[in-house]
Amino acid sequence: MSLNTYYTLGRSGLRVSRLALGTMTFGTEWGWGSDEDTARQMFNTYVDAGGNFIDTADLYTNGTSETWLGKFTAERNLRDKVVIATKFTFNGEPGNPNAGGNGRKNIIRAVEGSLKRLATDYIDLYILHTWDKITPAEEVMRTLNDLVASGKVRYIGLSDVPAWYAARAQTIAEYRHYEPVCSLQLEYSLAERNIEREFIPLGTQLGMGTMVWSPLASGLLSGKYKPSESGFTGEGRLDATRGIENPAFQKISDRNWKIVAELETVAKELGHSMAQVAVNWTVNRPGIASVIVGASKLSQLEDNIKALDFDIPPELANRLEIVSKPEQQFPYSFFDAEIQGMINGGATVGDKPDGYQLNVLSLSAGAGVS
Ligand SMILES: NC(=O)c1ccc[n+]([C@@H]2O[C@H](COP(=O)([O-])OP(=O)(O)OC[C@H]3O[C@@H](n4cnc5c(N)ncnc54)[C@H](OP(=O)(O)O)[C@@H]3O)[C@@H](O)[C@H]2O)c1
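Numbering (numbering that gives the first Met the number 0), first residue to last: 0 to 369.
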C-alpha cells in the first residue's frame, strides 16, 4: 500500500489516499505548530509521495492553516489534484453566537471565509466540525445540500457528532434526496477505540467512510514521553498543552502507559518506529477509510508516511489488541457471540457472501439441522 493507492470515500466516487495530511500544525499560533517553511516542506513531501487528501478547518491556527494550504496548493498548481477537506462550527467572533454553530447563517458565513482563505472556488469535502447540540439535522442537511447544488462544495461530512445524529442526518438525506454524508471524522488510535462500538458499523452500513484523527494520541504513541513523578517527561504538544482540559489533549493514564509499553516492544520486534506501528495498526483496522497524520516536523511526517510499507504479523497484532481492547459496555455486550448464539439457536451466522443480500445461516450438526 502506498499514498498513491486511492480508495473511494464512503459510498461516493471521491478517490482518496489511505493517509490524509493533517494541517492543524500549520502555523505557530497555538504554540505547538510549525513555521511556514516547515509546513510547505511537509505539504510538498506528502503530495510528492502521491498523497491527495488534506484536512484543515476554518479556525485551525486562527485561519493560518487554511491560508497556507491554499497558498501551497497554488504554488504547485495542484488544485485539481488535491482533495481539500475543511470544517465549520467553531466561533471566531466573541459575542456573536451566529458566527459559530451549525445553523444556516453560520454555515453560509463560514463557507465564504474558507473559500477566501483557501483561495479556491470550491471545497472538496465540507465537514461539520462538531455537534452544537442545537441545530436540527434537517437544517444542516438542507443547507449542505444547497452548498453542493451551488457548486461551492463537492461532498459533505460530519465530525465529532453522536452516532444517532449522524444516522438521522443520513436518513434525512436518503428520504429527502439530499446529498448524502460520505464521511465521518472521529478520533481513533490504540489509545482511543471507543468508535468501534457504534461508529464503525454505522459508517459501513450507511455508506460513510470513517476518516480518523490523532492516530498517535497527540504524540503519546510515538514513545517520546515517559512516566515520571510529575506525570510525564518529554517535549512536544502534550507538554505544551499541559493543564488544558480539552479531552483531545488529555492522554496520560495508567491504561495508556501500558499500551505505550506494549507498543514499544512490538515496534522493536518489527524493527519499525512506534509511530509507524501505531499508524499502521490504525489504518488497517476494519472500517477505516483514511487516517489523518499530523506532524510538527518534516522528519515526523517522513516517519509516519512509511507506516504503509509493512504488515504487522497476527501474533504481534494480537498483543496490541489485548492491551488496548476497550472495556465491554452495555448494550454492545449483547451483540457479542455468546448472546447472539442464544438468539440464533446455536447456529453460526456468517457475514454476507459477496453478491448476496441476505444473511446465510451455516448450521452446525449440533443444531440439529442438516
Ligand atoms: N475533527 C476533529 O475534531 C479533529 C481533532 C484533532 C485533529 N484533527 C485532524 O487530524 C490531524 C491529526 O491529528 P493530530 O495532530 O492530533 O495527530 P497525532 O498523530 O495524534 O499527533 C500528531 C503530533 O504527534 C507528534 N508526532 C507526529 N509524528 C511523530 C513522530 N513520528 N515521532 C514523534 N512525534 C510525532 C507531533 O507533535 P509534537 O512534535 O508537538 O510532539 C504531531 O504534531 C490534525 O492535523 C487535524 O487535521 C481533527
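Every residue gets a Cβ at the ideal spot worked out from N, C-alpha and C, and that includes glycine.
The closest heavy atom of ligand 1 lies less than 7 angstroms from the beta carbon of residue 236. Taking C-beta atoms as the reference points, residue 213 and residue 186 count as a pair closer than 8 angstroms. If you ignore the 5 residues before and after residue 232, its C-beta comes within less than 6 angstroms of the C-beta of 225, all in its own chain and listed in chain order.
Residue state for residue 160 is assigned as coil, using DSSP reduced to three classes. DSSP, read as helix, strand or coil, puts residue 93 in coil. Uninterrupted beta strand (DSSP E) stretches at least 3 residues long and entirely within the stretch 139 to 197 occur at 152 to 158, 180 to 186, given in chain order. Ligand 1 has a heavy atom closer than 7 angstroms to the beta-carbon of residue 54.
Within the same chain, 152, 155 come within 6 angstroms of residue 125 by CB-CB distance, once the 5 residues on both sides are set aside. Contact between residue 48 and residue 287 is absent: CB atoms are separated by about 19 angstroms, not below the 8 angstroms threshold. CA-CA distance, residue 10 to residue 230, rounds to 44 angstroms. The three-state reading of DSSP puts residue 207 in coil, since its state is none of H, G, I, E or B. Per DSSP, the continuous beta strand (DSSP E) segment holding residue 292 begins and ends at 287 to 292.
The nearest non-hydrogen atom of ligand 1 is less than 7 angstroms from the C-beta of residue 293. Residue 36 carries a helical assignment under DSSP once its states are collapsed to helix, strand and coil. Taking residue 238 as reference, the option from 167, 31, 13 with the minimal CA-CA separation is 31. For residue 23, the distance from the CB to the nearest heavy atom of ligand 1 is below 7 angstroms. In this structure, the beta-carbon distance from residue 102 to residue 138 falls below 8 angstroms.
Relative to ligand 1, residue 169 has its C-beta separated by 7 angstroms or more from all heavy atoms.
Distance between residue 27 and residue 64, taken at the CA atoms: about 10 angstroms. By DSSP's assignment, residue 232 forms a beta bridge with 225.
Residue 218 has its CB nearer than 7 angstroms to a heavy atom of ligand 1.
Taking the C-beta atoms as reference points, residue 18 is found nearer than 8 angstroms to residue 2. Boundaries around residue 112 are those of the alpha helix (DSSP H), 103 to 117, since no beta strand (DSSP E) includes it. Proximity to residue 275 across 261, 289, 300 peaks at 300, based on C-alpha coordinates. A direct Cα-Cα distance of roughly 23 angstroms separates residue 312 from residue 211. Taking C-beta atoms under 8 angstroms as the contact rule, residue 82 and residue 13 qualify, at a distance of about 6 angstroms. In terms of Cβ geometry, residue 199 and residue 325 do not form a close pair [threshold 8 angstroms].
Taking residue 121 as reference, the option from 334, 142, 162, 69 with the minimal CA-CA separation is 69.
Inter-residue distance for residue 5 and residue 94 is about 43 angstroms (C-alpha atoms, whole angstroms). Per DSSP, residue 84 is one residue of the beta strand (DSSP E) stretching across 82 to 87.
With respect to residue 297, residue 269 sits apart: the two C-beta atoms are not nearer than 8 angstroms. Set against 7 angstroms, the gap from the CB of residue 221 to the closest heavy atom of ligand 1 is smaller.
Assignment of alpha helix (DSSP H) within the stretch 295 to 325, counting only whole runs of 4 or more residues, yields 297 to 304, 313 to 323 in chain order.
Around the CB of residue 245, fewer than 16 other CB atoms lie within 10 Å, so the residue is classed as exposed. In the structure shown, residue 120 falls within a coil segment according to DSSP collapsed to helix, strand and coil.
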